[in-house]
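**Student:**
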Amino acid sequence: MNMLDNFFLIALPYIAIAVFLVGSIYRYTYKGFQLSSLSSQFLEGRKLFYGSVPFHWGVLFLFVGHLIAFLFPKSILAWNSQPVRLMILEITAFVFGISMFIGLINLLIRRYTTPRLKFVTNKMDLVVYLLLITQTFLGLWIAYNFRWGSSWFSSLLAPYLNSIFVFQPDTAAIVPLPWTVKLHIIGAFTIIGLIPFSRMIHFLVPPINYIWRPFQQVTWYWNKRKVRNPNTLWSLHRPKNN
Amino acid sequence: MDVRSQISMVFHLDKCIGCHTCSIACKNIWTDRKGAEYMWWNNVETKPGTGYPTKWEDQSIYKGGWQKDNGKVTLKGAGKRRGLTNIFYNPNLPVIDDYYEPFTFKYLDLIEAPEGNDQPTARPVSLITGEPIDIKMGPNWDDDLSGTPDYARNDPNLKNLSAAEQEVMFQLERMAFFYLPRICNHCLNPACVASCPSGAIYKRGEDGVVLINQEVCRAWRMCVTACPYKKSYYNWHTGKSEKCILCFPRIEAGLAPACMHSCVGRIRYLGVLLYDASKIEAAINDDTDSLIDRHLDIILDPFDPKVIRAAKMNGVADSTIHAAQFSPVYKYVKQWKLALPLHAEFRTLPMLFYVPPLLPVMATVKQVDNSAQSEKMNPIAKYWDDNWLYDTSTKDLWGTLDQVRFPLKYLASLLSAGDEELIKDKWKKLMAVRIHRRRVTVGDISNEKADEVLQEAGITAEMADGIFYLTALAKFEDRFVIPPAHREQAIEMMDFTGDTKGEVGFGIKSKLRRGL
Ligand code: SF4
Ligand code: SF4
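Chain order of the listed sequences is A and B.
Okay, so the first sequence: first residue is 555 according to this note's numbering, each after it adds one.
Okay, so the second sequence: first residue is 15 according to this note's numbering, each after it adds one.
1) Less than 7 Å separating the Cβ of cysteine 30(B) from some heavy atom of ligand 2?
2) Look up arginine 738(A) in the DSSP assignment and say whether it is helix, strand or coil.
3) So if DSSP puts phenylalanine 420(B) in a beta bridge, which residue, or which two residues, is it bridged to?
4) Any idea what DSSP makes of lysine 61(B), helix, strand or coil?
5) Where does the unbroken alpha helix (DSSP H) through threonine 605(A) begin, and where does it stop?
6) Could you tell me whether any Cβ in chain B is nearer than 8 Å to the Cβ of leucine 592(A)?
7) So, using beta-carbon positions, are serine 255(B) and valine 230(B) closer together than 8 Å?
8) How about tryptophan 55(B): is its C-beta nearer than 8 Å to some C-beta of chain A?
9) Identify the contact partners of isoleucine 765(A) in chain B, using a Cβ-Cβ distance below 7 Å as the criterion.
10) Is the beta carbon of proline 370(B) sitting closer than 8 Å to the one on leucine 354(B)?
11) DSSP puts tryptophan 80(B) in a beta bridge; with which residues?
12) At the 8 Å Cβ level, is proline 761(A) part of the contact set with chain B, yes or no?
13) When you measure from the CB of alanine 331(B) to every non-hydrogen atom of ligand 1, does any distance come out below 7 Å?
14) Kindly indicate the opening and closing residues of the beta strand (DSSP E) around glutamine 5(B).
15) Sorted by chain position, which residues of the same chain lie with C-beta nearer than 6 Å to threonine 252(B)'s C-beta, five sequence neighbours on each side aside?
16) What is the residue span of the alpha helix (DSSP H) that lysine 254(B) lies within?
17) For the stretch 326 to 346 of chain B against the stretch 415 to 432 of chain B, are there 3 or more C-beta pairs whose distance is under 8 Å?
18) To which residues of the same chain is phenylalanine 482(B) closer than 6 Å at the C-beta, ignoring the five residues directly before and after it?
19) Closest Cβ-Cβ distance between histidine 756(A) and chain B: below 8 Å?
20) In chain B, what lies closer than 7 Å to proline 669(A) by C-beta?
21) Helix, strand or coil for valine 674(A)? Go by DSSP, reduced to three states.
22) Would you say serine 752(A) reaches chain B, if we count a Cβ-Cβ gap shorter than 8 Å as a contact?
23) Give me the chain A residues within the contact set of cysteine 231(B), using Cβ-Cβ distance strictly less than 8 Å, ordered along the chain.
24) Which full runs of the alpha helix (DSSP H) of 4+ residues lie inside the stretch 686 to 723 of chain A, going along the chain?
25) Return yes when the C-beta of serine 246(B) is under 7 Å from any heavy atom of ligand 1, and no when it is not.
26) What would DSSP say about aspartate 290(B), mapped onto helix, strand or coil?
27) Using a Cβ-Cβ cut-off of 8 Å, state whether tryptophan 774(A) counts as contacting chain B.
28) Any heavy atom of ligand 1 closer than 7 Å to the beta-carbon of proline 204(B)?
29) Under 7 Å from any heavy atom of ligand 1, does the C-beta of proline 364(B) make it?
30) Taking a cut of 9 Å between CB atoms, which residues from the stretch 66 to 85 of chain B lie near chain A?
31) Quick one: using the 10 Å Cβ neighbour count with 16 as the cut-off for buried, is arginine 600(A) buried or exposed?
32) List the residues of chain B whose Cβ lies closer than 7 Å to the Cβ of histidine 610(A), in chain order.
33) Give the interface partners of serine 606(A) over in chain B, defined as CB-CB distance under 9 Å, in chain order.
34) Give the range of the alpha helix (DSSP H) segment to which phenylalanine 490(B) is assigned.
35) How long is the line joining the alpha carbons of alanine 177(B) and threonine 162(B), rounded to whole angstroms?
36) Less than 8 Å separating the beta-carbons of serine 578(A) and isoleucine 762(A)?
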């Protein structure tokens, strides 16, 4: 058992994170053309709504939630110190979890019942669907059966994750946990490791800078003013945009 | 004054014969690929008609372009807030059925079918699924179908016409149509650029070509919604959006874009316009009535010494300024004021201009008595026994203009943001050129009458000759005035060649390093 625990709770996370980092950076740098959300809305634009929207908002909330609980466990514990607030957090998270689950099921059905979509679907998509569905189901199961997840995540899992990142892996608190929780952890790291090899990579390139960038973008080969100004060594200036 | 240069175009609609050669030239070069089969970066529509994608002009469906709301100009169906909150599902995205499902035919079946009693046929198959399909639509499905209930009568431009006006327009004897070839307008205020969340779309400073960086596009597909002309297309196979690139590799080599080069009717003109980028903002915020004036006001006179000085200050190459002075587009748009932008009310400041069509709408059909003529015919000869005459004679000066077969309103909705006077003004000029040339070549029109016509149209005899020359006789070099791209300077900008001499040479991105 110990061997297995060590492999899945220590080795797998490191492998997954290493693969994730190297793979994503490589794909971003050298395979820019392959970086796309691969939207299929153009081929089927109705059923997608009932899948994509609940799934994405759900996963977005839950991802950020897990991230906050990992980065600032104290703040979550402080928030949960009052039962009402704990309930609010748990119920909201659960609702988002259900929304994500329903979204995924709808997406799966849509993808395999719409004839046209067969031609933009690859095997990795199926792997991703099954992984995410299992992971979401496990998450819901855990949240329902082992309450209150937000609190014990902050006190048990956050330190474990932290220990991984500071290269002093400490699984003592995790090993006694139920196998469903361990499976959820394993699922999470598997997903992370698969990011560079699947369409999930598009979550790394959210268009954040659209919020502040000017609407219009004009690009020059060279800085059009400096190029004519004899007082500047224009060869030293990189082309400037806008 | 912030002078920039733009490669712009004029399409002379009187000359388009609707042959679709342009579309095929473009397709063969750029979009004959998986996922791009349905894209027609260049397409030719019959007007009145619904176009491609169906009813693209109706922005209550497609939500393209900019809108002015309470004095603020915003993107109608995309933008920062709307674009980012709709990123998981874009409610305003057209789907492939709004264009058409691309198809081919199983030609091999014609050859390989086993011997049998039936003639082998080539069945149509979908280019998406490969399954046999019943073709429902194509990119020019409404070709030449003026007057039909499904197509012509659903033209969004008929919206402002009364039922009676529409009825008159589609009476069999009066029915007319013309062709509207469309490509990306390479706008000055492109909605596609403004809507792209990843910033993949940009306008090139040197020549104004609007491009999508295929490495940066992430399939957020907002440009497809935002472009009011529906000239940004989503490639469902690669997961990237694509659009007309104005054949920039050809332009940089001094060649005309393929659609223009191949144009059978020689309707297309391409040249440089110098414009004042600092006026763009004021223009797009202007009222719809004065939009076109403000648009044309942005375009500068390339002969004005002040403009030339400012252009040079801005790094516009001398060769580009020179090309701007010989630009056929400048002549049509500014000097002769004959060309208008398509749907200026979308506020993208399109840089493709159209000369409104006069020929198809000018002539009237009259009832005449043909009996004398018919009697002369051999009794067994086939002859046209109706009494209608297609009449293009011009007895009164503008007589035919008042009886044109399209309500002015229709063309105004298409080309002048609703201003009927503007269309009439162009028609008068086109007519005056014809009358003037008839005086010169046929001589059956008196000088007084011809001069009066010219004066009333507001052009001189020289102008009329110029218009005639560029419309009817222009040679290749007159129609396409393309400045050199000066890529050699761009390369120098990347790395000073002196610094890297003996190392990387020209245009190599990464330095040469000996392997480990
Ligand atoms: S026509 Fe459409 S795609 Fe072309 S530049 Fe204008 S907004 Fe962009
Ligand atoms: S090739 Fe020229 S004449 Fe023919 S359809 Fe195209 S624009 Fe019209």
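Where is the CB? At the ideal position from N, CA and C, for every residue including glycine.
Since we're looking at a predicted model, the values are computed, not measured.
**Tutor:** Judging by the given coordinates:
1) As a working note, residue 30(B) is residue 16 in the second sequence. Under cutoff, so the answer is yes.
2) Translated into the one-based positions of the first sequence, residue 738(A) becomes position 184. Arginine is not the amino acid found at residue 738(A); the sequence shown has histidine there. If DSSP states are grouped into helix, strand and coil, histidine 738(A) belongs with the helices.
3) In the second sequence, residue 420(B) corresponds to position 406, counting from 1. The partner list for phenylalanine 420(B) (beta bridge, DSSP) is empty, contrary to what the question assumes.
4) Walking along the second sequence from the start, residue 61(B) turns up at place 47. Judged by DSSP in its simplified three-state form, lysine 61(B) adopts strand.
5) Counting from one through the first sequence, the residue named residue 605(A) turns up at place 51. Correcting the residue identity first, residue 605(A) is glycine in this sequence and not threonine. First-last of the alpha helix (DSSP H) with glycine 605(A): 601 to 625.
6) Here residue 592(A) refers to the residue found at position 38 of the first sequence. With 8 Å as the cut-off, leucine 592(A) counts as an interface residue toward chain B.
7) Locating residue 255(B) in the second sequence gives position 241, where the first residue counts as 1. Locating residue 230(B) in the second sequence gives position 216, where the first residue counts as 1. Cβ distance not < 8 Å, so serine 255(B) and valine 230(B) don't count as in contact.
8) Within the second sequence, the letter at position 41 stands for residue 55(B). For tryptophan 55(B), the answer is no, since every Cβ of chain A falls outside 8 Å of its Cβ.
9) Counting from one through the first sequence, the residue named residue 765(A) turns up at place 211. Correct list: Lys94.
10) Here residue 370(B) is taken as the residue at index 356 of the second sequence, counted from 1. Here residue 354(B) is taken as the residue at index 340 of the second sequence, counted from 1. Taking the C-beta atoms as reference points, leucine 354(B) is found nearer than 8 Å to proline 370(B).
11) By 1-based counting over the second sequence, the position of residue 80(B) is 66. DSSP, once it has assigned bridges, lists Leu89(B) as partnering tryptophan 80(B).
12) Taking the first residue of the first sequence as position 1, residue 761(A) is located at position 207. So yes, proline 761(A) belongs to the interface.
13) Numbered from its first residue, the second sequence carries residue 331(B) at position 317. Alanine 331(B): no, Cβ never under 7 Å from ligand 1.
14) With chain B covering only 15 through 530, there is no way to say anything about residue 5(B).
15) Walking along the second sequence from the start, residue 252(B) turns up at place 238. Hits under 6 Å: Gly49.
16) Residue numbering aside, residue 254(B) sits at position 240 when the second sequence is read from its first letter. From DSSP, lysine 254(B) is part of no alpha helix (DSSP H) but of the beta strand (DSSP E) over 254 to 257.
17) Too few Cβ pairs lie closer than 8 Å, so no.
18) Residue numbering aside, residue 482(B) sits at position 468 when the second sequence is read from its first letter. Val447, Arg451.
19) The sequence position of residue 756(A) within the first sequence is 202, counting from 1. So yes, histidine 756(A) belongs to the interface.
20) Translated into positions along the first sequence, residue 669(A) becomes position 115. Residues of chain B with a Cβ closer than 7 Å to the Cβ of proline 669(A) are, in chain order, Thr143.
21) By 1-based counting over the first sequence, the position of residue 674(A) is 120. Of the three classes helix, strand and coil, the one that applies to valine 674(A) here is helix, per DSSP.
22) Indexing the first sequence from 1 puts residue 752(A) at position 198. Not one chain B Cβ lies under 8 Å of serine 752(A).
23) In the second sequence, residue 231(B) corresponds to position 217, counting from 1. In chain order: Ser590.
24) 703 to 706, 712 to 719
25) Here residue 246(B) corresponds to residue number 232 of the second sequence, with the count starting at 1. The answer is yes for serine 246(B).
26) Here residue 290(B) refers to the residue found at position 276 of the second sequence. Aspartate 290(B): strand per DSSP, three-state reduction.
27) Position 220 of the first sequence, counting from 1, holds the residue named residue 774(A). It does; some Cβ of chain B falls within 8 Å.
28) Here residue 204(B) refers to the residue found at position 190 of the second sequence. Proline 204(B) Cβ: within cutoff of ligand 1.
29) Within the second sequence, residue 364(B) is the residue found at index 350, counting from 1. Yes, the Cβ of proline 364(B) comes within 7 Å of a heavy atom of ligand 1.
30) none
31) Locating residue 600(A) in the first sequence gives position 46, counting from the first residue. Burial call: exposed.
32) Indexing the first sequence from 1 puts residue 610(A) at position 56. Neighbours of histidine 610(A) on chain B, chain order: Phe102.
33) Your numbering for residue 606(A) matches position 52 in the first sequence. Within 9 Å Cβ-Cβ: Phe102, Tyr103.
34) Translated into positions along the second sequence, residue 490(B) becomes position 476. Phenylalanine 490(B) -> alpha helix (DSSP H) spans 490 to 493.
35) Here residue 177(B) refers to the residue found at position 163 when the second sequence is read from its first residue. Here residue 162(B) refers to the residue found at position 148 when the second sequence is read from its first residue. Approximately 15 Å between the Cα atoms of the pair.
36) As a first step, residue 578(A) must be located in the first sequence, where it is residue number 24. As a first step, residue 762(A) must be located in the first sequence, where it is residue number 208. It is not a contact, given that the beta carbons lie outside the stated cut-off.
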